[in-house]
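Protein chains in written order, with the working numbering: chain A, -14 to 772; chain B, 2 to 162. Glycine included, each C-beta is placed from N, C-alpha and C at the ideal position. Quick notes on the structure that follows.
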């Protein structure tokens, strides 16, 4: 019988009622007294010198309150980068400034030049059209390889080139890797592009700045996945506002997928401007602005090679990747192609030697940063495409080749610096084969053939590193922050509980799942527990939600805080029951004395804590509230095996997804319903990357896919029902819940399955195509068939 | 500025609008009915879907002036008279048909419109009908399932829970 409450149950989400009835409180739903609106005038060229900005006509337009340009930010800091990568030669990356409003030059289409603050949003927009702008257009660099040519125009004149860093990992392994390739019986090589994507949470970004003169306090309401991180970055590095005078609130947030991690210019602007004009300032992004101002994702160009011995054992992997940084360094951009990508290159395999080279490049495009999976989808895609290509070249079964090379002993130290604590890759592969009904594939292929369609089966594995991350480790790797999390468990006199958590929920359902854990620990009803998140003035601290870390890191902090609460409550219970503390047991919300029938209720103890008439005041303080910070000992390593079946129409090149299965090992699961929902969404984003989505620039740096007319988002009829399973469970060994994280798996695991399936389908039609770059649009597939 | 009057969720409302004011802005800004969302500016995403005179309309494609005299229903008007959620809304909760909730009002408006004309839609009909509503969280699996369940169909056989 499935559980009906606590850990492992699937209670319905409590947040749903407000969302289903139109009562959600998203940032754009916040309207403050005396509020003004800002419209940003953005560059429509990719690269140019700002010769002049004439705001005189615009200033006299109706409703205009004030117009700001880069000159108003003299003495104000730029947007900081949170991670410094050190290159192959021990040198720090090149790190250009990132002004709030462009100064001197514009560096990508969408770079904000001026900000018009007016009484209404229409007035602000009208006035923007009256600004006289003289920009001398410069040649743009768009392609990463040409950006590194010696005579390429420089995105940042103060840097020596467009190279941010040239990273080698593990540099000491390079010679041994090269040697292994010389000795190899077979080498498989693959060149590919990991297509540039736009995260596209359905809620566009919004920021409202509000300055309170009475207490000199600024409040920023923003669509963020991590309000404390924004407080830290904006307060300390941009505007110089101390933490106690700066409150950051991220209320209901309509999806994030990584792109709402980062600190953006618009947040700093509304906070700054509200202090200047002494009125609230609100900005609501349009979707068009989102395309040219939200950090993009992926955009890698890679060559990867696999060396195999005569028995098809993997000997070595070597990769060369160009990673696009865009025009500026977004908050965590440098870490994505390095520490979140190179460290995952072992995948599920016991390849003894690995060398990863990454050249990060500045171009005249929107900054690129973490997007669902962040580095791990890039690693998984190239590795799993490569293994599939190797199997095809060697004429062996792709599943068998994978199984032969699986890591089977844990813990396992990879040659790329991480140690997998647990996993069972054979079990997830077995499970995938079962739920996908792999043995029935040939019959399905024949049925498709009878309809004139080519059917293909693609499989792949994935491993990811979640729950970022041990602070001392990431500190050594260049992170400019700790990556712990925090929680406060506040027990009220009546026994109800508020838990203040540093994680932020923007679709993940924390308001439902976190109480399941607390309720299980204490044995009270989940309705007695509420989660508070998203407001820096209400929660102790927190690094937020990304990298599938909420439960693994913040959940662990919550468990630690709850353990402290329970320890104290047991002391109180021991006093009330006149027993020894060591004999007190807590079960089903009742304290009892072991071996006796003496007991008291959770509520008796909590009431005593706040009404301490009969209370051990000499030993413990009144009240029942504890805070814990939790710094993880390691990453967590979810893994799985995915499979996709496609039909290709050989006449048109159109690909349809006929069947998709995901067998994941997430360790312990708190709410299966929510975990499955996370996987569904991730798979759809992966299918989107594989078949539909691409952020496309022309050679002049114009973003050609800047609306939903041109950027193909997956829609309901592009995807099937998915078969998902998480019954394989190897609990994480180093966090108290044994959880691993499930938020990104679907997006990491699915693109190679889709592409492998299409390549297989084409092969079944007699077309041996080594690779097609994503997205596999009908045009690309048709071309591959007909070349 | 021109005065418009319409019936929104059973209540007569009026306000002064510019010619360019979109119906969605009138609902959100003037009426403070913030359940209707704006997710794009090209009428693609469907987060702003409402019913105008009983028909499913993207309220960003219509000027407020065009709705003068019309009967408009928004997500705030979709519950039962006693304040509980409708069967369709309850089905979305039951089958986890929403995550961040931003596209959800549009999904409910679109799905209820479908069920009005097609009380037992097939999976394919549902997916086709939702062409104009983008969700980035759910992968549509549980949305389609919730709509099928709300129409009284057995969804227990659908791949995985």
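TODO: Taking the CB atoms as reference points, tell me whether residue 194(A) and residue 155(A) lie closer together than 8 Å.
DONE: no
Task: Contact set for residue 128(B): own chain, Cβ-Cβ below 8 Å, skip 5 residues either direction - done: 141, 145
TODO: Grab the span of the beta strand (DSSP E) containing residue 647(A) for me, first residue to last.
DONE: 640 to 650
TODO: Kindly indicate which three-state DSSP category residue 86(B) falls into: helix, strand or coil?
DONE: coil
Task: Exposed unless 16 or more other CB atoms sit within 10 angstroms - verdict on residue 344(A) - done: buried
- [ ] Note down, one range per segment and in chain order, each beta strand (DSSP E) of at least 3 residues found wholly within the segment 300 to 370 of chain A.
- [x] 338 to 347
Open item on the list: Is there a C-beta anywhere in chain A that falls below 8 Å from the one on residue 100(B)?
Closed with: yes
TODO: Note down, in chain order, each residue of its chain lying with its Cβ closer than 6 Å to the Cβ of residue 162(B), except the 5 sequence neighbours on either side.
DONE: In this predicted model, residue 162(B) has a pLDDT of only 40, less than 50, meaning its place in the structure is not dependable; the value taken from the coordinates is given anyway. Only residues of its own chain outside the window of five on either side were considered, and among them none has a CB closer than 6 Å to the CB of residue 162(B).
TODO: Flag residue 702(A) as yes if its beta-carbon sits less than 8 Å from any beta-carbon of chain B, otherwise no.
DONE: yes
- [ ] Measure the alpha-carbon distance for residue 769(A) versus residue 741(A) and round it to whole angstroms.
- [x] 14 Å
Task: Residue range of the unbroken beta strand (DSSP E) whose run includes residue 16(B) - done: 12 to 18
TODO: Give the residues from the segment 527 to 548 of chain A that approach chain B closer than 8 Å (Cβ to any Cβ), ordered along the chain.
DONE: none
- [ ] Give the residues of chain B in contact with residue 188(A), contact being defined as C-beta atoms less than 8 Å apart.
- [x] 38, 40, 101, 103
- [ ] Kindly say whether residue 509(A), judged by its beta-carbon, lies nearer than 8 Å to any beta-carbon of chain B.
- [x] no
Open item on the list: For the structure I just gave you, are there three or more beta carbon pairs, one from the segment 333 to 352 of chain A and one from the segment 289 to 305 of chain A, closer than 8 Å?
Closed with: yes
Task: Chain-ordered neighbours of residue 140(B) on chain A, where CB pairs are closer than 7 Å - done: 665, 666, 668, 669, 704, 707
TODO: Anything in the segment 689 to 701 of chain A with a Cβ closer than 7 Å to a Cβ of chain B? List those residues in chain order, please.
DONE: Hits within the stretch, in order: 692, 693, 694, 698, 700, 701.
TODO: Let me know the beta strand (DSSP E) ranges lying completely inside the segment 662 to 722 of chain A, each 3 residues or longer, listed in chain order.
DONE: List check, beta strand (DSSP E) in window: 708 to 710.
Task: Own chain partners of residue 602(A) with C-beta closer than 8 Å, once the 5 adjacent residues on each side are dropped - done: Nothing listed; no residue qualifies.
Open item on the list: For the alpha helix (DSSP H) containing residue 430(A), name the first residue and the last one.
Closed with: 426 to 435
Task: Presumed contact (8 Å Cβ cut-off) between residue 130(B) and residue 150(B), rounded CB distance - done: About 16 Å; that fails the 8 Å criterion.
Open item on the list: For residue 477(A) and residue 213(A), what's the separation of their Cα atoms in angstroms?
Closed with: 25 Å
Task: Burial state of residue 733(A) (16 or more Cβ within 10 Å) - done: buried
TODO: Could you confirm whether any beta carbon from chain B is found closer than 8 Å to the beta carbon of residue 32(A)?
DONE: Cβ-Cβ to chain B under 8 Å: no for residue 32(A).
- [ ] Would you verify that the beta carbon of residue 491(A) is, or is not, closer than 8 Å to some beta carbon of chain B?
- [x] yes
Open item on the list: Is there a Cβ of chain A sitting closer than 8 Å to that of residue 162(B), yes or no?
Closed with: Residue placement at residue 162(B) is poorly supported in this model, since its pLDDT is 40, which falls under 50; the coordinates still yield a value, given next. Chain A, which has a Cβ nearer than 8 Å to the Cβ of residue 162(B), makes this yes.
Task: Rounded separation between residue 183(A) and residue 313(A) - CA only - done: Going by the C-alpha atoms only, they are around 16 Å apart.
TODO: Pull out every residue of the segment 81 to 97 of chain A whose Cβ sits closer than 9 Å to any Cβ of chain B, in chain order.
DONE: Residues passing the 9 Å Cβ filter: none.
TODO: From the DSSP output, in three-state form, read off residue 41(B) for me.
DONE: DSSP places residue 41(B) in coil when its eight states are reduced to three.
Open item on the list: Could you tell me the alpha carbon to alpha carbon distance between residue 11(A) and residue 29(B), rounded to whole angstroms?
Closed with: 12 Å
Open item on the list: Assess contact between the segment 170 to 180 of chain A and the segment 748 to 762 of chain A, defined as three or more Cβ pairs (one per stretch) separated by less than 8 Å. Is contact present?
Closed with: yes
- [ ] Using a Cβ cut-off of 8 Å (strictly closer), state whether residue 11(A) contacts chain B.
- [x] yes
Open item on the list: Could you check whether the Cβ of residue 1(A) sits closer than 8 Å to any Cβ belonging to chain B?
Closed with: yes
Open item on the list: So if DSSP puts residue 177(A) in a beta bridge, which residue, or which two residues, is it bridged to?
Closed with: 287(A)
Open item on the list: Against chain A, with Cβ distances strictly below 8 Å, would residue 106(B) count as a contact?
Closed with: yes
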